[in-house]
Amino acid sequence: MTKREFWQASGVRLLERSGEGWLGVTPDFLRAYLCRPELAPIDESTPAEVALHDALMADPALQVSEAELEGIGDDDVAESYRLMLDFRDILMASGTLEGAYLHLMRQSHMHLPPLFVDQMVHAILANVLADSTDAIRLRAAELFFREQKVSTEDGRIMLADEEIVEMHARARTETGIGQLLAATGTPMRTVALDVLTRDNQDIYWARSDRFDTVIDFRFEQPGPDAFARVVEAWLAHMLGIEARVEPMSRIDDDDWRWHVGLDRESTGILNALYEGGSPSRSAMDRILGLFRLRILDSRRVIERVEGHPIYLALAMTSDQRLKMKPQNLITNLPLRPDA
Numbered sequence: 015m016t017k018r019e020f021w022q023a024s025g026v027r028l029l030e031r032s033g034e035g036w037l038g039v040t041p042d043f044l045r046a047y048l049c050r051p052e053l054a055p056i057d058e059s060t061p062a063e064v065a066l067h068d069a070l071m072a073d074p075a076l077q078v079s080e081a082e083l084e085g086i087g088d089d090d091v092a093e094s095y096r097l098m099l100d101f102r103d104i105l106m107a108s109g110t111l112e113g114a115y116l117h118l119m120r121q122s123h124m125h126l127p128p129l130f131v132d133q134m135v136h137a138i139l140a141n142v143l144a145d146s147t148d149a150i151r152l153r154a155a156e157l158f159f160r161e162q163k164v165s166t167e168d169g170r171i172m173l174a175d176e177e178i179v180e181m182h183a184r185a186r187t188e189t190g191i192g193q194l195l196a197a198t199g200t201p202m203r204t205v206a207l208d209v210l211t212r213d214n215q216d217i218y219w220a221r222s223d224r225f226d227t228v229i230d231f232r233f234e235q236p237g238p239d240a241f242a243r244v245v246e247a248w249l250a251h252m253l254g255i256e257a258r259v260e261p262m263s264r265i266d267d268d269d270w271r272w273h274v275g276l277d278r279e280s281t282g283i284l285n286a287l288y289e290g291g292s293p294s295r296s297a298m299d300r301i302l303g304l305f306r307l308r309i310l311d312s313r314r315v316i317e318r319v320e321g322h323p324i325y326l327a328l329a330m331t332s333d334q335r336l337k338m339k340p341q342n343l344i345t346n347l348p349l350r351p352d353a
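The sequence shown lines up with residues 15 to 353 when you count with the working numbering.
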């Protein structure tokens, strides 16, 4: 099948793919951040701000002093530059996007805005999934870097992009049409978004940068299996781990050894279950997906977990949002430190 283009806005084309398959940082990739609204000069920009922007566009690796930042004359703009320059320095020191991501995720404290991290994951997955011809897999991959709004009406689990749902809600509010689409419990069918299926998945390619399709995440629907394949690809690319991931409807394991929640909510629920607790019915109802992960090379796994599955979960918040943390797959697996 012919290779399809998708996620043009990820910036992956501005990066250089190394022989190992990781994404090398380039001057053009750094320049793209200087073109963001937070940094691009406007009519009210001071001469010092314009001069700094021009200098960095000419040489994105240019070192900038604190005195130069203070000379901009706008505290908010100066802080935006500080954040961008800190991010730039991490990228340049690591050399690759993947290396920078691993460096950041393994720190005890991260000071960069989540937006930068989501953008890194977006580009990395555009690289990892570059040869994919499965639109549902790509839509499932959006969970790694885009917050989702969840609808559970009629027993279904429908995931739509949170930002897009909010955009529709604002549009309807501003024109006085109907109730807020983003209100908890609003049926997903009231949003003008298409549910992606095997029959209509070709619609995704031309719209991939719009993030305006919905995925059905019920057990035994294509969504969870597609997500499982993305987890496998993520682990192989980022950690060199070959794994098999399988969607589950429940966990029945008297010898449960390890689990990883893929978001804050599921972490709390799995911890409670593992410790023998009984989470509330409302907490259990927030679980959106369960998965069994097996690492094929047992030498990579700590002794206590060898031969045992690792359970994964996704769960929504009480206001029906899902914000996945793919870094949990980097930092929380039971891996030997020397493997």
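Here a beta-carbon is modelled for each residue, glycine too, at the ideal position from N, C-alpha and C.
When 341, 307, 177 are compared against residue 272, the one with the closest alpha-carbon: Of the candidates 341, 307, 177, the residue whose Cα lies closest to the Cα of residue 272 is 307.
Reducing DSSP to helix, strand and coil, say where residue 124 ends up. Here residue 124 sits in coil by DSSP.
Whole angstroms are fine: how far does the CA of residue 167 sit from the CA of residue 31? The straight-line gap from Cα to Cα measures roughly 43 Å.
Consult DSSP for residue 77 and reduce its assignment to one of helix, strand or coil. In this structure, residue 77 counts as coil in the three-state DSSP scheme.
Pull up the distance between the alpha-carbon of residue 286 and that of residue 66, whole angstroms please. When rounded, the distance between both Cα atoms is 52 Å.
8 Å Cβ cutoff met for residue 336 and residue 126: Here residue 336 is not near residue 126, since their CB atoms are 8 Å or more apart.
Below 8 Å on the Cβ atoms is my contact criterion, and I expect residue 158 with residue 179 to pass it. Report the Cβ-Cβ distance as a whole number of Å. Not a contact, Cβ separation roughly 18 Å.
Count the C-beta pairs between the stretch 48–60 and the stretch 148–165 that are closer than 8 Å, then say yes if the count reaches three, no if not. The answer is no - the stretch 148–165 does not touch the stretch 48–60, with fewer than three Cβ pairs under 8 Å.
Considering residue 303, what are the terminal residues of the beta strand (DSSP E) in which it resides? Per DSSP, residue 303 belongs to the beta strand (DSSP E) from 301–309.
For residue 191, name the three-state secondary structure that DSSP assigns. Model confidence at residue 191 stands at a pLDDT of 41, short of 50, so the residue's coordinates are unreliable; what they give is reported in the following sentence. Coil.
If you draw a straight line from the alpha carbon of residue 91 to that of residue 296, how long is it in whole angstroms? When rounded, the distance between both Cα atoms is 43 Å.
Rounded to whole angstroms, what's the CA-CA distance from residue 317 to residue 350? Just pull it up for me. In this model, residue 317 and residue 350 are separated by some 8 Å (Cα to Cα).
Where residue 27 falls, given that 16 or more other Cβ within 10 Å makes a residue buried: The residue is exposed, with fewer than 16 neighbouring Cβ atoms inside 10 Å.
Could you compute how far the alpha carbon of residue 345 sits from the alpha carbon of residue 291? The alpha-carbon separation between residue 345 and residue 291 amounts to approximately 25 Å.
Helix, strand or coil at residue 133 according to DSSP, with G and I counted as helix: Three-state result, residue 133: helix.
Which residue's Cα is closest to the Cα of residue 231: 257, 250, 327, 281? The residue with the shortest Cα to Cα distance from residue 231 is 327.
Which listed residue (61, 36, 315, 80) has its alpha carbon closest to that of residue 352: In terms of Cα proximity to residue 352, the closest of 61, 36, 315, 80 is 315.
Whole-number beta carbon distance between residue 227 and residue 18, since they are thought to touch under 8 Å: Actually they are not in contact, since the Cβ atoms of residue 18 and residue 227 sit about 15 Å apart, beyond 8 Å.
Nearest-angstrom Cα separation, counted from residue 323 out to residue 145: So the alpha carbons of these two residues sit roughly 29 Å apart.
Does DSSP put residue 34 in a helix, in a strand, or in coil? Three-state DSSP puts residue 34 in coil, outside helix and strand.
Straight-line gap, residue 106 to residue 36 (C-alpha atoms, nearest Å): Whole-angstrom Cα-Cα distance: 14 Å.
Between the alpha carbons of residue 151 and residue 237, how many angstroms are there, rounded? Answer to the nearest angstrom: the Cα atoms are 7 Å apart.
In terms of alpha-carbon separation, which member of 45, 261, 277, 255 lies closest to residue 309? The residue with the shortest Cα to Cα distance from residue 309 is 255.
Whose C-beta lies closer than 7 Å to the C-beta of residue 83 among residues of the same chain, with five residues either side of it excluded? Only residues of its own chain outside the window of five on either side were considered, and among them 92, 95, 96 have a CB closer than 7 Å to the CB of residue 83, listed in chain order.
Start and end residues, beta strand (DSSP E) containing residue 260: Residue range 257–262 is occupied by the beta strand (DSSP E) that includes residue 260.
Exposed unless 16 or more other CB atoms sit within 10 angstroms - verdict on residue 277: With 16 or more other Cβ atoms from the protein chains shown falling within 10 Å of its own Cβ, residue 277 counts as buried.
Taking the beta carbon of residue 202 as the centre, do at least 16 other beta carbons fall within 10 Å, making it buried, or is it exposed? With a pLDDT of 46 at residue 202, under the threshold of 50, the predicted position of this residue should be treated as unreliable, and no value is reported.
What is the DSSP secondary structure of residue 172, reduced to helix, strand or coil? The answer is strand: DSSP assigns residue 172 an E or B state.
Taking buried to mean at least 16 other C-beta atoms within 10 Å of its own C-beta, is residue 120 buried or exposed? The Cβ neighbour count for residue 120, taken over all protein chains shown within 10 Å, is under 16; the residue is labelled exposed.
Measure how close the beta-carbons of residue 279 and residue 329 come, nearest whole angstrom, since I'm counting them as under 8 Å. With a Cβ gap of about 4 Å, residue 279 and residue 329 count as contacting.
Note down, in chain order, each residue of its chain lying with its Cβ closer than 7 Å to the Cβ of residue 340, except the 5 sequence neighbours on either side. Correct list, in chain order: 135, 158, 248.
Under 8 Å, with one C-beta from each stretch per pair, do the stretch 66–77 and the stretch 38–47 reach the 3-pair mark? With the cut-off at 8 Å, the stretch 66–77 and the stretch 38–47 touch.
Test item: CB-CB of residue 78 and residue 48 under 8 Å: In this structure, residue 48 does not lie closer than 8 Å to residue 78 by Cβ.
Nearest CA to the CA of residue 304: which residue from 251, 262, 269, 288? Among 251, 262, 269, 288, the Cα nearest to that of residue 304 is on 262.
Taking all protein chains shown into account, do 16 or more other C-beta atoms lie within 10 angstroms of the C-beta of residue 175, making it buried, or fewer, making it exposed? Flag for residue 175 reads buried.
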